[in-house]
Amino acid sequence: MIDLRIERIVGRRVWDSRGRPTVEAEVHLACGASGRGDRSFTRRYGRGDWAFAQPYGRGDWTFAQPYGRAVAPAGASRGSREAVDLRDGGDRLGGYDVQRAVANVNGAIARRLRGMPANDHAAIDTALNELDGTPNKSHLGGNAMIAVSMACAWAAANAQGVPLWSYLRSGERAGSEVVIPLPEIQIFGGGAHAGRRVDIQDFMLVAPGADSFAQALEWTAEVYLHAGKLMAQRGLLAGVADEGGYWPLFATNEEALDMLMRAIEASGLRYPDQVAISLDIAASEFYRDGCYELGLEQRRLSTDEFAAMLRGWLQRYPIVSIEDPLAEHDEDGLRRFTQMVGQGVQIIGDDYLVTNAERVRRAAAIGACNAVLVKPNQAGTLSETLAAWRAAQEVGFSAIVSARSGETEDVTIVHLAIGWGVQQLKVGSFARSERMAKWNEALRIEEHLASRARFAGAVF
Ligand code: 2PG
Ligand code: MG
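Numbering (my numbering), first residue to last: 618 to 1077.
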């Protein structure tokens, strides 16, 4: 038996894709401690922190090692009910430093979790919540908690020499079909991720007609390439935004949709059967005093007017999914919008549902949204993230595991999606390594599984 008890936890400050500090947690297990814990691990895999090639299985991309590591991501457009991202404030580093959160990992959290089995996620996450003692995780910091919670899962998987996705399937899902999620990939960035150059935050492509994850990426690469070329030719390209999508110089929000259509046409792909459009409106970001203020177009729209504008887009463009179409506090608007178009379109709650099981159940009960975005750091622990996904399954919502706009090389979310069987994955665009690390990880898993996995494909 491999001794999975937590020996020590190390928190450190690392840096994210926006150059801001973030929290990394490393969970070391008793099986790796020299002279302590279970000697069979050191006999089989070596000592200390060294990683050795996986001793079994066909894939050579996993290593048995007695520790796990994870990094907290950070959002820019955040729901008001998310777990608190604990920052130090003050003048240094724009107030974004995370020394307090890191100290919490190295201090209170490390002491509390020491000796607990790293694979008892319910107990670990309960202990974290008890130690935090606040409703919004503001004492320890949701960033400290999610990094530790995810690192425990990596540690338990790594120590057993299995990939995290496979570890997560043990138990109730073991033996069921492995599904590789449909990627949702940003082509243009906007909103809080591009200096509000356009109001809408994400203009994305999905490839429900692809045969495989690999093909979906290849098709998206073609569209991304053509979009960049077309924009450069017209002087509309200013660089890339926070998630790697093009930072556009469009005059209206609709121009982005037209440009995306031109890029799809230039790539020779058919819509809506091969590829289609997905939007994240992130409407809370421009909701003021009960109205939607489109800065780019200098327009101020009521809920009904804004919803009518979106419905017009749904009629004119091949849009299959729309996230946060209305603000998180405009619940009645969300409910009415869902009644009107929810039969044919995926309506995702992100800021509105904040990866919270209770809120998912409540939304389903009142008929607002029909899908939930699953972001581990919104929930603050792995168990609460899983609970939100389970609630989605209970109420018949679809789900999309999602990265944040501030990311790192951490690939945990890819494993969560595949391990838990969530059929869609949103990671940002098709550029910048914090994004590509995740797409490439899913590619490797798909290749490794070959015919043992099925690509989610046409989920809409
Ligand atoms: C979102 C995410 C990712 P952020 O709104 O869905 O695109 O953005 O991480 O800034 O909340
Ligand atoms: Mg969103």
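Built from N, CA and C at the ideal position, the CB exists for glycine as well. A quick note: this is a predicted structure, and the numbers were derived from the prediction, not measured.
Unbroken beta strand (DSSP E) run spanning residue i, endpoints
| i | result |
| --- | --- |
| R916 | 916-918 |
| T639 | 638-646 |
| G685 | 684-688 |
| V823 | 819-823 |
| Q803 | 799-806 |
| P865 | 863-865 |
Alpha helix (DSSP H) segment containing residue i, residue limits
| i | result |
| --- | --- |
| P993 | 993-996 |
| M618 | Counting along the chain, M618 falls outside any alpha helix (DSSP H), and DSSP gives it neither H nor E. |
| G812 | Premise fails: G812 is in no alpha helix (DSSP H) and is neither H nor E. |
| S884 | 870-884 |
| V602 | Since the displayed the chain opens at 618 and closes at 1077, residue 602 lies outside it and no answer follows. |
| Y888 | Taken as a continuous stretch (DSSP letters only), Y888 belongs to no alpha helix (DSSP H), as it is neither H nor E. |
| L911 | Segment 908-911 is the beta strand (DSSP E) holding L911; no alpha helix (DSSP H) there. |
| F830 | 830-850 |
| R786 | 781-786 |
| A1070 | Looking at the DSSP string, A1070 is not in any alpha helix (DSSP H); the run it does join, the beta strand (DSSP E), is 1070-1072. |
| S766 | 759-776 |
Assigned exposure category for residue i - 16 Cβ within 10 Å defines buried
| i | result |
| --- | --- |
| Q671 | Per-residue confidence for Q671 stands at a pLDDT of 43, beneath the threshold of 50, marking its modelled position as unreliable; the derived number appears in the next sentence. It counts as buried. |
| T560 | Here the chain comprises residues numbered 618 to 1077, so residue 560 is not present and cannot be evaluated. |
| R675 | Unreliable positioning characterises R675 in this predicted model, as indicated by a pLDDT of 41, which lies under 50. The coordinate reading is nonetheless provided below. Under this definition R675 is an exposed residue. |
| Q995 | buried |
| G1036 | buried |
| A681 | buried |
| N753 | exposed |
| A1078 | Examination of residue 1078 is not possible in this model, given that the chain is present from 618 through 1077 alone. |
| I623 | buried |
| R1052 | buried |
| A1067 | exposed |
| E835 | exposed |
| G599 | Limits of the chain in this structure are 618 at one end and 1077 at the other, which puts residue 599 out of reach. |
| G912 | exposed |
| E1001 | buried |
| E699 | buried |
| M762 | buried |
| T639 | buried |
| T743 | exposed |
| I626 | buried |
| G636 | exposed |
| D890 | exposed |
| T751 | exposed |
| A833 | buried |
| G950 | buried |
| D828 | exposed |
| I1017 | buried |
Proximity test, residue i beta-carbon vs ligand 3 heavy atom, cut-off 7 Å
| i | result |
| --- | --- |
| D967 | Absence of ligand 3 from the depicted structure is noted, with ligand 1 and ligand 2 being the only ligands included. |
Neighbour flag for residue i against chain D, beta carbons, 8 Å
| i | result |
| --- | --- |
| L730 | Structure shown: chain D not included; a single protein chain is present. |
Next item on the list: Mind listing, in chain order, the continuous beta strand (DSSP E) runs of no fewer than 3 residues lying wholly within the region 914-983?
Entry: 916-918, 936-940, 963-966
Note to self: Just to confirm the assignment: which complete alpha helix (DSSP H) runs, minimum length 4, are found wholly within the region 699-747?
What the structure shows: 716-721, 727-730
Margin query: Taking contact to mean 3 or more Cβ pairs, one atom from each stretch, closer than 8 Å, check whether the region 798-805 and the region 760-767 are in contact.
Written below: no
Note to self: Below 8 Å, how does it come out for the region 883-898 and the region 931-951: are there three or more Cβ pairs, yes or no?
What the structure shows: yes
Next item on the list: Spell out a yes or no on whether the region 771-789 and the region 804-816 are touching, meaning 3 or more CB-CB pairs, one atom from each, closer than 8 Å.
Entry: no
Check: So, do the region 941-955 and the region 919-929 have three or more beta carbon pairs nearer to each other than 8 Å?
Finding: yes
Next item on the list: Would you check if the region 880-893 and the region 843-857 touch, i.e. whether three or more CB-CB distances between them fall below 8 Å?
Entry: yes
Notebook entry, point to check: If we count Cβ pairs, one from each stretch, closer than 8 Å, do we get three or more for the region 1049-1063 versus the region 732-744?
Noted result: no
Check: Which whole runs of the alpha helix (DSSP H) in the region 978-1054 are 4 residues long or more, in chain order?
Finding: 993-996, 999-1012, 1029-1037
Check: Between the region 947-967 and the region 983-995, are three or more C-beta pairs nearer than 8 Å?
Finding: yes
Next item on the list: Take every Cβ of the region 624-634, pair it with every Cβ of the region 1015-1035, and state whether three or more of those distances are shorter than 8 Å.
Entry: yes
Notebook entry, point to check: Are the region 682-696 and the region 638-652 touching by the rule of at least three beta carbon pairs closer than 8 Å?
Noted result: yes
Notebook entry, point to check: Is there contact here, the region 779-790 with the region 706-716, by at least three beta-carbon pairs under 8 Å?
Noted result: no
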